[in-house]
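Taking it in order: structure first as structure tokens, then the write-up.
2 protein chains.
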Amino acid sequence: MSSPENRALVLLSGGQDSTTCLYWAIDRFGRGNVTTLSFDYGQRHRIELECAATIAKHAGVAHRCLPIDTFAALGGDALTDSDIAVAADIDASTGLPNTFVPGRNLIFLTYAAALAWQLGAEHLVTGVAQTDYSGYPDCREATIAALQQALRLGMESGVQIHTPLMHRSKKETVELARDLGGLDAMALTHTCYNGERPPCGECPACVLRAKGFQEAGIEDPLLANA
Amino acid sequence: MSSPENRALVLLSGGQDSTTCLYWAIDRFGRGNVTTLSFDYGQRHRIELECAATIAKHAGVAHRCLPIDTFAALGGDALTDSDIAVAADIDASTGLPNTFVPGRNLIFLTYAAALAWQLGAEHLVTGVAQTDYSGYPDCREATIAALQQALRLGMESGVQIHTPLMHRSKKETVELARDLGGLDAMALTHTCYNGERPPCGECPACVLRAKGFQEAGIEDPLLANA
């Protein structure tokens with residue numbers, strides 16, 4: 115029997131970073147102790163959710179998906195409320211409207227902590243990184259530390275939030291995935307902002323991903339299979 | 115024009131405590147600076163949402179309602195997952211299944227902070243109290259302080275969470291509502307766990323409410339109108 119001290123819940127978006135975190139969690143806690151969690155929050159590319167389920171199956175771990183209709187309501191209201199800055203519902207990297215909500219990552223982690231509490235799991239694992247995503251203040255180490263404290267007090271739990279990629283570059287993340295035997299799973303991940311498969315290769319996400327694999331001197335399995 | 119420093123968002127459940135907080139916020143920030151927020155999360159008694167909207171209208175402030183389908187998914191899963199303790203979906207005070215989620219109040223406040231960020235409001239007001247609800251760790255002062263820090267860091271904002279009832283007894287809350295001119299609005303609030311109107315008078319919530327009014331020496335306007 116596993117105990118809370120070695121059960122982990124991994125936030126799995128279906129992308130490269132969270133998939134690497136899944137293999138990190140399997141390595142650290144053991145396959146049978148790991149569950150993955152995705153959120154169906156109205157993301158533009160539904161393919162992310164399919165990828166997450168496929169990756170969990172490939173890795174041989176349990177998978178859960180929770181719906182979140184609140185982001186769309188927040189974003190949708192923004193479109194009809196002139197008090198709200200346009201910046202709130204435009205993705206700066208793509209210029210397209212999305213369902214961006216400030217502090218969204220805090221919501222993801224709090225729901226994950228609630229599910230972990232129900233599952234009797236003490237560990238949360240998330241792929242947030244300061245290195246590549248400095249634009250998102252809810253991904254920074256100080257934010258995560260403060261949230262962990264709020265979750266511990268608010269749920270009277272010993273929950274620990276692990277951020278194995280926090281200070282890793284994309285190159286180092288690729289190397290970590292390789293070292294943990296997670297490279298095959300990279301072929302199943304989704305990164306492209308344009309939702310294309312094979313990936314467009316031109317959007318900021320594709321470019322960043324390609325740079326990481328190139329610097330690590332590793333061929334991206336996603337492109338090898340394309 | 116109002117500035118973020120004096121705009122406030124009040125979490126309004128439609129109950130006695132949050133309604134008192136609404137009048138506290140109107141007194142402190144001015145009617146035109148106050149917006150109320152309710153959550154449609156699948157609560158057993160839909161009447162709460164109707165009460166919240168009615169109270170906001172009565173008080174002359176803007177009102178918003180956000181849907182949350184995630185709690186039901188967490189609770190619903192619990193019913194079919196033998197790994198999850200039954201306690202997670204039973205309300206200890208009523209013995210009835212509900213949509214209780216650990217740390218639910220953290221979710222409410224984080225969504226409120228996201229909406230406040232969009233509205234350009236710096237103040238959140240919530241009716242949580244240590245006094246009467248010591249069973250809910252996410253209502254305690256230390257939890258709220260930790261969450262405020264996580265929200266400030268995660269949204270790069272100066273958000274302030276106000277908890278005017280934190281250390282007040284029910285008697286003192288009744289007196290506060292009276293002093294702020296909010297007693298009339300009490301006739302519009304909903305407290306009864308059984309969802310009855312007029313209230314059943316026998317459930318724990320009705321008994322607690324009656325005790326507060328009795329100790330304050332004030333007739334409950336809800337019963338006067340019944």
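Going down the list, the protein sequences come from chains A and B.
Taking this note's numbering, I'd label the letters of the first sequence as residues 115 to 340.
Taking this note's numbering, I'd label the letters of the second sequence as residues 115 to 340.
We put the beta carbon where it would ideally sit given N, CA and C, even for glycine.
Small disclaimer: the values here were computed from a predicted structure and weren't measured.
In the DSSP assignment, cysteine 179 of chain B is bridged to B:Ser152.
Per DSSP, the continuous alpha helix (DSSP H) segment holding valine 288 of chain A begins and ends at 284 to 293. In the structure shown, leucine 238 of chain A adopts extended strand secondary structure according to DSSP, grouped into three states.
According to the DSSP assignment, histidine 276 of chain B belongs to the beta strand (DSSP E) that extends over 274 to 276. Annotation: the continuous alpha helix (DSSP H) that includes leucine 322 of chain A extends over 318 to 330. For glycine 331 of chain A, there are no C-beta contacts with chain B under 8 Å, since the nearest C-beta of that chain is about 36 Å from it.
For glutamate 270 of chain B, the residues of chain A that pass the 7 Å Cβ criterion are Pro251, in the order they occur in the chain. As a beta-bridge residue in DSSP terms, valine 124 of chain A pairs with A:Thr150, A:Val239. Residues of chain A with a Cβ closer than 7 Å to the Cβ of alanine 167 of chain B do not exist; the shortest Cβ-Cβ separation is about 16 Å.
Residue environment for aspartate 298 of chain A: exposed (fewer than 16 other C-beta atoms within 10 angstroms of its C-beta).
Around the beta carbon of alanine 338 of chain A, fewer than 16 other beta carbons sit within 10 angstroms, so the residue counts as exposed.
Interface flag for glycine 241 of chain B against chain A is unset, since no Cβ pair is found closer than 8 Å. A Cβ-Cβ separation of about 23 Å leaves leucine 294 of chain A out of contact with proline 313 of chain A under the 8 Å criterion.
Counting only the Cα atoms, glycine 146 of chain A lies some 48 Å from arginine 323 of chain B. For asparagine 219 of chain B, the chain A residues whose C-beta falls within less than 8 Å of its own C-beta are Gly268, listed in chain order. Between the alpha carbons of alanine 226 of chain A and leucine 123 of chain A lies a distance of about 7 Å. Proximity to histidine 237 of chain B across B:Ser132, B:Ala330, B:Thr149, B:Asp334 peaks at B:Thr149, based on C-alpha coordinates. Under the three-state reduction of DSSP output, cysteine 314 of chain A falls in the coil class, being neither helix nor strand. The segment 157 to 176 of chain A makes no contact with the segment 269 to 286 of chain A, as fewer than three CB pairs between them are under 8 Å.
Methionine 300 of chain A carries a helical assignment under DSSP once its states are collapsed to helix, strand and coil. Collapsing the DSSP output to three states places histidine 281 of chain A in coil. Within 7 Å of the CB of proline 216 of chain A, the CB atoms of chain B belong to Ala228, Trp231, Met269, in sequence order along the chain. Residue contact with chain B for threonine 257 of chain A: present (Cβ-Cβ distance below 8 Å to some residue of chain B).
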